[in-house]
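So the sequences go chain by chain: A and B. Those letters in the first sequence? Residues 18 to 94, per the working numbering, in order. Those letters in the second sequence? Residues 84 to 309, per the working numbering, in order. One structure below.
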Amino acid sequence: MLKDLIEYIAKSLVDNPDAVSVSEIEGEQTSVIELKVAKEDLGKVIGKQGRTARAMRTILGAASTKAQKRAVLEILE
Amino acid sequence: MDEFVEFSGKNVDEAIARACEHFQTDRDQLEIEIITGGSSGIFGLVGVKKARIKAKKRNNLRELELLIKDIIANLIRPMSPNPEILIDLQSEPILVTIKDKENSGLIIGRDGQTIAALQYVANRIIAKKWPGTSRIQLDTGDYRQKQNERLRKTAIYLAQQAKRAGRIMSTQPLSSYHRRLIHLALQNDYEVQTKSKGEGSMKKVLIIPKKRRRNKPFRNNRETHY
Numbered sequence: 018m019l020k021d022l023i024e025y026i027a028k029s030l031v032d033n034p035d036a037v038s039v040s041e042i043e044g045e046q047t048s049v050i051e052l053k054v055a056k057e058d059l060g061k062v063i064g065k066q067g068r069t070a071r072a073m074r075t076i077l078g079a080a081s082t083k084a085q086k087r088a089v090l091e092i093l094e
Numbered sequence: 084m085d086e087f088v089e090f091s092g093k094n095v096d097e098a099i100a101r102a103c104e105h106f107q108t109d110r111d112q113l114e115i116e117i118i119t120g121g122s123s124g125i126f127g128l129v130g131v132k133k134a135r136i137k138a139k140k141r142n143n144l145r146e147l148e149l150l151i152k153d154i155i156a157n158l159i160r161p162m163s164p165n166p167e168i169l170i171d172l173q174s175e176p177i178l179v180t181i182k183d184k185e186n187s188g189l190i191i192g193r194d195g196q197t198i199a200a201l202q203y204v205a206n207r208i209i210a211k212k213w214p215g216t217s218r219i220q221l222d223t224g225d226y227r228q229k230q231n232e233r234l235r236k237t238a239i240y241l242a243q244q245a246k247r248a249g250r251i252m253s254t255q256p257l258s259s260y261h262r263r264l265i266h267l268a269l270q271n272d273y274e275v276q277t278k279s280k281g282e283g284s285m286k287k288v289l290i291i292p293k294k295r296r297r298n299k300p301f302r303n304n305r306e307t308h309y
């Protein structure tokens, strides 16, 4: 579910939604959500001074509170 | 959004019919401005003027409403699986209210961080999918109303302090929307002046008393954070 959330946001923001891939690596307490986008879309998911990335992390934080687990977002280059 | 296109005809009706044909749509889907009404002259001989209009396709508001609803529902689904989402398209920015008593605290987040992040991401997505639209403002519970009230009280308190001590007071860093609220709260208080200071997300509002105390024991212009 958390993975779907990040996938939805990323696909809605980029120019190449087909190049978006999200994978979730589940750990015992924390899961890591890895986001990959096309090189030219990297700026779109990071945003000016990282504002978009920060907003995604904040939303992910609230969503994971509800799911009672911790999740961190990694944007892969 | 789409630009106005000019059409002309013997009379206004004919010009509108041409516009409908051009946009492949009905008359009620068009936004029409009449430039000249046209005149058939005397016996259709002297002073014949063509009617000219400008037309563009109306933005389909119902579609925009559904789009906004869909975006918000997708963004908050993990926090609020069954929200009621109300949209006021007439206001500027467009007001979007999430009705979900149980989860509104989670949607707001600490210091309103989550609701601000949701609003920011939603606006980015809308700008991408529906260029030229005005922005949205998110609300849930009575968050905005409470927050406005709190900021107004803070503004008045800081102004009192500034006047009493004859010193410049400063708010914490605030967003543009919140800074505006502070300016508005004090615009009729002639004994103080307000001014924004700082860069990017660290901008705050200074509240400057008109009567500054001289020969202060402390440094001039020292700001006191609240």
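Idealized CB from N, CA, C, for every residue including glycine.
- Contact annotation: the region 155-162 of chain B touches the region 177-189 of chain B, with at least three C-beta pairs closer than 8 Å.
- DSSP places E89(B) in the uninterrupted beta strand (DSSP E) bounded by V88 to G92.
- Note that the region 71-88 of chain A touches the region 46-55 of chain A; at least 3 beta-carbon pairs, one per stretch, sit closer than 8 Å.
- Within chain B, the C-beta atoms nearer than 8 Å to that of K83(A) come from P161, M162, N186 and L189, in chain order.
- Distances from the alpha-carbon of Q173(B) to those of I190(B), S259(B) and R145(B) put R145(B) closest.
- Judged by DSSP in its simplified three-state form, T47(A) adopts strand.
- Under the criterion of beta carbons closer than 8 Å, T237(B) and I191(B) do not qualify as touching, at roughly 18 Å.
- By DSSP's assignment, R218(B) forms no beta bridge with any residue.
- Spatial neighbours of K133(B) in its own chain (CB-CB distance under 6 Å, excluding positions within 5 residues in sequence) are listed in chain order as S91 and G121.
- Per DSSP, D171(B) is one residue of the beta strand (DSSP E) stretching across E167 to D171.
- Counting along the chain, the unbroken beta strand (DSSP E) around T119(B) starts and ends at L113 to T119.
- DSSP, reduced to helix, strand and coil, places A55(A) outside both helices and strands of the structure shown, so it counts as coil.
- Straight across, the Cα-Cα distance linking S253(B) with R141(B) is about 46 Å.
- For Q196(B), the closest Cβ of chain A is nearer than 8 Å.
- For K182(B), no chain A residue has a C-beta closer than 8 Å to its own C-beta; the minimum C-beta separation is roughly 17 Å.
- Judged by their CB atoms, L19(A) and A80(A) are nearer to each other than the 8 Å cut-off.
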